[in-house]
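Peer 1: From first to last, the protein sequence lines are chains F and W. So the first sequence is numbered by our numbering: it starts at 6 and just counts up by one. So the second sequence is numbered by our numbering: it starts at 6 and just counts up by one. Glycine included, every Cβ here is placed at the ideal spot set by N, Cα and C. Here the structure is a predicted model, which means the values were calculated and not measured. Quick one: the structure is below, questions incoming.
Number of protein chains: 2
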Amino acid sequence: MNVFIVGIGLIGGSMARDIRRIHPDVRIMGIDNNAAHLEEAMSLKLVDEIAEYSDLARADIVIVGVPVDAVVAEIPKILDQINDDTVVIDAGSTKALICQTISDHPRRRNFLACHPISGTEFSGPTAAIDGLFEGKTNIICEVEKTAFKLQEKALELFREMGMRIRYMNPEAHDKHIAYVSHLSHISSFMLGKTVIEKEKNERDIFDMAGSGFESTVRLAKSSPDMWTPIFEQNKVNVIETLEEYIQNLEAFKKKLLTDDYEGIYNEMNNTNKIKEILKGIPLNKQ
Amino acid sequence: MNVFIVGIGLIGGSMARDIRRIHPDVRIMGIDNNAAHLEEAMSLKLVDEIAEYSDLARADIVIVGVPVDAVVAEIPKILDQINDDTVVIDAGSTKALICQTISDHPRRRNFLACHPISGTEFSGPTAAIDGLFEGKTNIICEVEKTAFKLQEKALELFREMGMRIRYMNPEAHDKHIAYVSHLSHISSFMLGKTVIEKEKNERDIFDMAGSGFESTVRLAKSSPDMWTPIFEQNKVNVIETLEEYIQNLEAFKKKLLTDDYEGIYNEMNNTNKIKEILKGIPLNKQ
């Protein structure tokens, strides 16, 4: 089996690790416009060869793990190069624009639009880890537009990696993921910014920070290269989530200003039900 | 040595565990207005005896681990009962009001105002864990107002628990802790609320949530009994942090609305320096 990984970072590299473990006889080819990443991927044995788009005709599976602006730009070019039996899988955090972009491509049936809900705040080939996808949800959009035999090939691989599959249309995906993922990143980045701005001349103050602060700002370590195009592509939904979040913060502030501590207690008590909800979320192994 | 723990929850119970490990011959007495917690604390062997305020004359050390409204109400009563060589230590997340409240108490010199930056999102005696304070910062306020021999007794205990000590005045403590702790809790509670409200009829949506969401809403599991009085006592500082946070969120939203993706990239890139800052924060052992 020949697997091509386009973008050999956290997601592409972790897929490479899993595939090599599951299929020891696989041949993995890496394509990346970052030469340093390719070298790292070779020395980490994530890939066996460095390749180019002109080699894609040899691919059984192509996994595209690049920022979502590059997904939109590159998938049509990749589809142009593959053979009829190749399945091309992406892993982007937005789905509507990519599905629109390739809707009329002659090889639309060779593409499966995916979003594995997995990752860490780190990036690049050195961030790739074993078993990243075990127990995680993989959202697949417009599954009916992919050739049945190619769906099967991809689903078999996902099953071997231990992923749970959910089917959704691209618009619903982008709307809901704005709430459960994109908004978290903004809240975390802006929390980090607020504290850094305030405490910039008082580095000692971070001695006062504990694991609670660490947890809420963890996502502020994330890559701007990855996240800027996500916010751009999902602008409308993200703005909606931000407006509701800001409204809730304003309402909380108003309760403080008017000494409505019963209201504040109730807000927190009602939100405590997140405990039950979180129990269902598969987390990264520590 | 006789140690009294007033409020045998996460903090009081974890202190009891450490003290018993360090001083196997200690006698630990528990005082709590929650009878179920006292029973749990007995069966978990956190405490050797259930006690009352009238027993406090026997205490060498009194550790007060109750919500900050109860700290303010109870410390004067506790000071009324102790003997001259007893040191009373609190662990509240606010320091100004308690220091003001007992400033004229005849036994002010028996009190040491402390805030160990440690904890989890859980509460009650069953949440108590070993080594919670190892490597954590303990902020001590108005140290000069505590009798020197009693400071020494408390500091020896903190040293044995592995805590790092920082001295600060109560007003500075409350101002800075609003940024690095209290604001994180509000951002997390309101993030949880925003998502629960939106997705209340679509529980499946939480299948889309990953470890990033879990991390940013973790603090929304925290106890309203503990946090309502913290926000009340630190109202002025907390409102200031909330206003700055909301301003930053509004500015981010404006950048999205005006398609200023270079600005969004720069915001995230600048905030990435949180990586370096977080390296210095001692975290709970997993």
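Using the C-alpha atoms, what's the distance from F257 (chain W) back to D264 (chain W)?
Peer 2: 11 Å
Peer 1: Hey, is Y58 (chain F)'s beta-carbon within less than 8 Å of any beta-carbon in chain W?
Peer 2: It does not; no Cβ of chain W falls within 8 Å.
Peer 1: For A40 (chain F), count neighbouring Cβ atoms within 10 angstroms of its own Cβ and tell me buried if that reaches 16, exposed if not.
Peer 2: exposed
Peer 1: If contacts are defined as beta-carbon pairs under 8 Å, then F218 (chain W) and V185 (chain F) qualify, I think. What distance do you get, rounded to the angstrom?
Peer 2: Cβ atoms of F218 (chain W) and V185 (chain F) come within 8 Å of each other, at about 5 Å.
Peer 1: Can you tell me whether L43 (chain F) is buried or exposed, with buried defined as 16 or more other CB within 10 angstroms of its CB?
Peer 2: Answer is buried; the Cβ neighbour count reaches 16.
Peer 1: By DSSP, does L73 (chain F) sit in helix, in strand, or in coil?
Peer 2: Checking the sequence, you will find Val at residue 73 (chain F) rather than Leu. Correct three-state label for V73 (chain F): helix.
Peer 1: List the endpoints of the continuous alpha helix (DSSP H) containing V243 (chain F).
Peer 2: Element bounds for V243 (chain F): K240 to L262.
Peer 1: Which same chain residues, not among the five before or five after A62 (chain W), have their C-beta less than 6 Å away from its C-beta?
Peer 2: Excluding sequence neighbours, A62 (chain W) sits near N88.
Peer 1: Enumerate, from N- to C-terminal direction, the unbroken alpha helix (DSSP H) stretches of 4 or more residues contained entirely within the stretch 13-94 of chain F.
Peer 2: 15-27, 40-48 and 73-86
Peer 1: How many angstroms separate the CA atom of H178 (chain F) from the CA atom of R223 (chain W)?
Peer 2: 23 Å
Peer 1: What runs of the beta strand (DSSP E), each 3 residues or longer, lie entirely inside the stretch 95-146 of chain W?
Peer 2: 116-121 and 142-146
Peer 1: Short of 8 Å Cβ to Cβ, which residues in the stretch 106-137 of chain W face chain F?
Peer 2: I122, S123, G124, T125 and E126
Peer 1: Straight-line CA distance for K203 (chain W) to I201 (chain F)?
Peer 2: 30 Å
Peer 1: Does DSSP put M166 (chain F) in a helix, a strand or coil?
Peer 2: M166 (chain F) sits in a helix when the DSSP states are folded into three classes.
Peer 1: Compute the minimum distance between the beta carbon of I13 (chain W) and the heavy atoms of the ligand MG, and state whether it is under 7 Å.
Peer 2: This structure does not include the ligand MG; it has no bound ligands of any sort.
Peer 1: Please compile the residues from chain F whose C-beta is within a distance smaller than 8 Å of the C-beta of K198 (chain W).
Peer 2: N253, E272, N275 and T276
Peer 1: So I13 (chain F) packs on V52 (chain F), CB below 8 Å; how close in whole Å?
Peer 2: 6 Å
Peer 1: Taking the alpha carbon of C104 (chain W) as the reference point, which residue from W:V148, W:G215 and W:I170 has its own alpha carbon closest?
Peer 2: Considering only alpha carbons, the answer is W:V148.
Peer 1: Going by alpha carbons, who is nearest to P72 (chain F) out of F:I210, F:T233, F:P81 and F:I282?
Peer 2: F:T233
Peer 1: To the nearest whole angstrom, what separates the beta carbons of S227 (chain W) and S192 (chain F), a pair I think is in contact under 8 Å?
Peer 2: That belief does not hold up - the Cβ atoms of S227 (chain W) and S192 (chain F) are roughly 16 Å apart, past 8 Å.
Peer 1: Taking a Cβ distance cut-off of 9 Å, strictly less, list which residues of the stretch 215-231 of chain W are near chain F, in chain order.
Peer 2: The stretch 215-231 of chain W vs chain F, Cβ under 9 Å: G215, S216, G217, F218, E219, S220, T221, V222, R223, L224, A225, K226, S227, S228, P229 and D230.
Peer 1: Check whether the Cβ atoms of L162 (chain W) and N115 (chain W) sit closer than 8 Å, and answer yes or no.
Peer 2: no
Peer 1: If I measure Cβ to Cβ from F138 (chain F) and keep anything under 8 Å in the same chain, skipping five residues before and after, which residues do I get?
Peer 2: S19, M20, D23, P121, S123, F163, M166, G167 and M168
Peer 1: Under 8 Å Cβ-Cβ, which residues of chain F neighbour E249 (chain W)?
Peer 2: T199, E202 and K203
Peer 1: What whole-angstrom Cβ distance do A56 (chain F) and F127 (chain F) have, given they're in contact under 8 Å?
Peer 2: With a Cβ gap of about 25 Å, A56 (chain F) and F127 (chain F) do not count as contacting.
Peer 1: Taking the alpha-carbon positions, what's the A101 (chain W) to N174 (chain F) distance?
Peer 2: 53 Å
Peer 1: Express the C-alpha separation of E255 (chain W) and K141 (chain F) in angstroms, rounding to a whole number.
Peer 2: 33 Å
Peer 1: For S98 (chain W), return the contacting residues in chain F, with the cut-off set at a CB-CB distance below 9 Å.
Peer 2: Chain F residues near S98 (chain W): none, gap ~10 Å exceeds 9 Å.
Peer 1: Count the other C-beta atoms from every protein chain shown that fall within 10 angstroms of the C-beta of L15 (chain W), then say buried if there are 16 or more, exposed otherwise.
Peer 2: buried
Peer 1: CA-CA distance, S216 (chain F) and H110 (chain W)?
Peer 2: 35 Å
Peer 1: Using a Cβ-Cβ distance under 8 Å, would E165 (chain F) count as near chain W?
Peer 2: Residue-level contact check: E165 (chain F) does not touch chain W, since none of the beta carbons of chain W fall below 8 Å from its beta carbon.
Peer 1: Would you mind telling me which residues of chain W sit closer than 7 Å to R25 (chain F), beta carbon to beta carbon, in chain order?
Peer 2: Within chain W, no residue comes near R25 (chain F); the closest Cβ sits about 24 Å away, beyond 7 Å.
Peer 1: For E157 (chain W), go through chain F and note every residue whose CB falls closer than 8 Å to its CB, in chain order.
Peer 2: Chain F residues near E157 (chain W): none, gap ~23 Å exceeds 8 Å.
Peer 1: Whose C-beta lies closer than 6 Å to the C-beta of F194 (chain W) among residues of the same chain, with five residues either side of it excluded?
Peer 2: A225
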